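Quick note: the sequence shown uses our numbering, first residue 33, plus one each step.
Beta carbons are placed, not taken as given, at the ideal position from N, Cα and C, and that holds for glycine.
The model shown is predicted, which means the values in this text are computed figures rather than measured ones.
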Amino acid sequence: DFPKPKDKNKESRISKIVTEFIFNHGYFPIVRPKTGKAEPDILFEPSNIVSWDNSVLLELKQYIREEDQESEIRRELPNNIGQAAEYYSIVKEIKRDIADTVHLLIFYNGKKRFQIGESYPVEKNVVVDFIYVGDGTPSKLETVIIDGK
Numbered sequence: 033d034f035p036k037p038k039d040k041n042k043e044s045r046i047s048k049i050v051t052e053f054i055f056n057h058g059y060f061p062i063v064r065p066k067t068g069k070a071e072p073d074i075l076f077e078p079s080n081i082v083s084w085d086n087s088v089l090l091e092l093k094q095y096i097r098e099e100d101q102e103s104e105i106r107r108e109l110p111n112n113i114g115q116a117a118e119y120y121s122i123v124k125e126i127k128r129d130i131a132d133t134v135h136l137l138i139f140y141n142g143k144k145r146f147q148i149g150e151s152y153p154v155e156k157n158v159v160v161d162f163i164y165v166g167d168g169t170p171s172k173l174e175t176v177i178i179d180g181k
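This is the structure we're talking about:
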């Protein structure tokens, strides 16, 4: 169901898939909540009483391309992490009982598998997850470790 490289509106299509997945597992997603000047991708509440208590914030990015993605991911990752951290701090100011992390989900395809090395400088409250949505078998892809060197 994930978009192909030539598809338009890839990030919004991924957002719809993730939102449906969250809802189908009993959570209540709020898509693109306005929070001051920020507009994070998804905020979801893990209870049947919708409130901000213990909500979890998701920021989605997609690098579904036909060309080589490695240089773009390396170049954009600091900005992606910074944006996720800023959204988290804005939401945290409004409602202090939000979960202590923002999850940055990076969707990609291609012939390489990406991981963040231990030395990469990730903001304190940001968890980065790379999610492969290509046609290959992830275990057979070349692994690229993105480190802080």
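Practice item. Can you tell me which of the three DSSP states A131 falls into? Key: Coil at A131, not helix or strand.
**Study point:** C-beta atoms of V165 and I148 nearer than 8 Å
**Key:** no
Exercise for review: Going by DSSP, name the residue or residues bridged to T175.
Suggested key: R145
Check your understanding: Under 8 Å between the Cβ atoms of I96 and K42?
Key -> yes
Exercise for review: Mind the definition here: the region 106-116 touches the region 48-67 only if three or more C-beta pairs lie below 8 Å; say whether that holds.
Suggested key: Contact fails: fewer than three Cβ-Cβ distances are below 8 Å.
Check your understanding: From E52 to P35, what does the alpha carbon distance come to, in whole angstroms?
Key -> 15 Å
Check your understanding: Starting from Y119 and walking both ways along the alpha helix (DSSP H), at which residues does that stretch end?
Key -> 102-126
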